[in-house]
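Going by UniProt numbering, 201 is the number at position 201 of the sequence shown; the sequence numbering is gapless.
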Amino acid sequence: MAELFVNQAKQYADSRPSYPLQLFQFIASKTPSHNLVWDVATGSGQAAKSLATLYKNVIATDVSEKQLEFATKLPNVRYQHTPSTMSKIELEQLVTPEGTIDLVTIAQALHWFDLSTFYEQVKWVLKKPHGIIAAWCYNLPRISNEVDIVLDQLYSVISKPYWDSARKLVDENYRSIDFPFEAVDGVDHTGPFEFVTETNMTFDGLLTYIRSWSAYQTAKEKGVELLGDDVVEKFKFAWGEDVRKTAKFPIYLRIGRVGNA
Ligand SMILES: C[S@@+](CC[C@H](N)C(=O)[O-])C[C@H]1O[C@@H](n2cnc3c(N)ncnc32)[C@H](O)[C@@H]1O
């Protein structure tokens, strides 16, 4: 699936939301030390740049070099291209040695992973017993009643055949995703915990966001343009005269502690 994010890497960097401070503060309050984070599937660093303000160092990895090209470069973030599956030796050489990580984050990507292999690696790199894994996804933005109707129709009906089956986990707000970790201090479950991120979107920004969908890319490869003239016209009419609108993306966080696993 990683190639789905290669062709629209620029659209992705331009149109995807970053995440709210409250989300990172909540996560950071659960790790006893703030030395090292592994942001897996960092894309163009949407989470890495915020983690860099709360943790001493961030290792941000992705299977797509093209995505990494568009990431914000910061002195305490090491961007690293990785293969989609890594042996322990590769993990140690490219990412980090065993038991060294305070926090593993995965933003809008856990649903793409082979979970049992990935969790084994997470458990290997995290400090025991207090190392934390935090994985979140976000769903369709809410923009205005009129725009939401057109967007929902495009998402749930027109683009439906082009989404990978893994997308169902996002549709279910990560409620059903396998997450074998202990509850962190102060709560009695691993989520999902809800947050929201807001962006100030232009009409072109909305179209760019849709073009960054993996389903848009898949449809295009099959000769189908999801943003045909008729759909764009419907969006234009629904959008109205505003130059910008607030788009609110609901976020769903799963968070857990590794324990002595
Ligand atoms: C939807 S994007 C999320 C990017 C970013 N984390 C964000 O919050 O917007 C999914 C990312 O997962 C990456 N990816 C997919 N499979 C991966 C794997 N096995 N290891 C690392 N990255 C992977 C893709 O290249 C893509 O950049």
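Ideal Cβ placement from N, Cα and C applies to all residues, glycine included.
_At 3 residues or longer, what runs of the beta strand (DSSP E) sit wholly inside the region 11-62?_
36-40 and 57-62
*asked:* With a threshold of 7 Å on Cβ separation, who are the neighbours of P250 within its own chain once the five nearest residues in sequence on each side are excluded?
replied: Y138, N139, E194 and V196
*Beta carbon of L253, beta carbon of P180: below 8 Å?*
no
*Exposed or buried, P161, counting other C-beta atoms within 10 Å across all chains shown (16 or more means buried)?*
P161 is exposed by the Cβ-count criterion.
*Roughly how many angstroms lie between the CA atoms of W124 and S116, to the nearest whole one?*
Rounded to whole angstroms, W124 to S116 spans 12 Å at the Cα level.
*Going by alpha carbons, who is nearest to F26 out of T105, G228 and Q121?*
T105
*Do you know how far the Cα of L94 is from the Cα of V184?*
28 Å
*Is any heavy atom in ligand 1 found nearer than 7 Å to the beta carbon of V63?*
yes
_Backbone CA spacing between A28 and H34 [nearest angstrom]_ = 8 Å
_Let me confirm a value: N173 is counted as buried when at least 16 other C-beta atoms fall within 10 Å, else exposed. Which label applies?_
By the neighbour-count definition (other C-beta atoms within 10 Å, threshold 16), N173 is a buried residue.
_Helix, strand or coil at Y216 according to DSSP, with G and I counted as helix_ = helix
*Could you tell me which residues DSSP pairs with R254 in its beta bridges?*
A135
_Using a Cβ distance threshold of 8 Å, determine whether the region 11-22 contacts the region 42-49, with at least three qualifying pairs required._
yes
_Host beta strand (DSSP E) of V77 (start-end)_ = V77 to H81
*Check the C-beta distance from L154 over to L226 and give it rounded, since I have them as a contact under 8 Å.*
7 Å
*asked:* Measuring CB atoms only, is the region 96-115 touching the region 65-82, in the sense that at least three cross pairs come out at less than 8 Å?
replied: Between the region 96-115 and the region 65-82 there are fewer than three inter-stretch CB-CB distances shorter than 8 Å, so the stretches are not counted as touching.
*Helix or strand or just coil, what does DSSP make of F181?*
coil
*When you compare each of A134, R244 and S214 to R257 by their alpha carbons, which one comes out closest?*
A134
*My guess is that R142 and K248 are in contact by the Cβ rule of under 8 Å, so how many angstroms apart are they, rounded?*
5 Å
*Over the uninterrupted beta strand (DSSP E) stretch that includes L103, give me the two end residues.*
L103 to A107
_Among S50, F118 and T53, nearest to P83 - alpha-carbon criterion_ = For P83, the nearest C-alpha among the options comes from F118.
*asked:* Contact defined as beta carbons within less than 8 Å: I believe A52 pairs with V77. What is the distance between those atoms, to the nearest angstrom?
replied: 5 Å
_Contacts around T61, its chain only, beta-carbon distance under 8 Å, and the 5 residues preceding and following it disregarded_ = W38, D39, V40, A41, T42, Y79, Q80, H81, T82, L94 and V95
_Cβ shell of P17 (< 6 Å), same chain only, five flanking positions each side left out_ = T197, T199 and F249
*Excluding sequence positions up to five away, which residues of its chain have a Cβ less than 7 Å from the Cβ of V170?*
H111, C137 and N139
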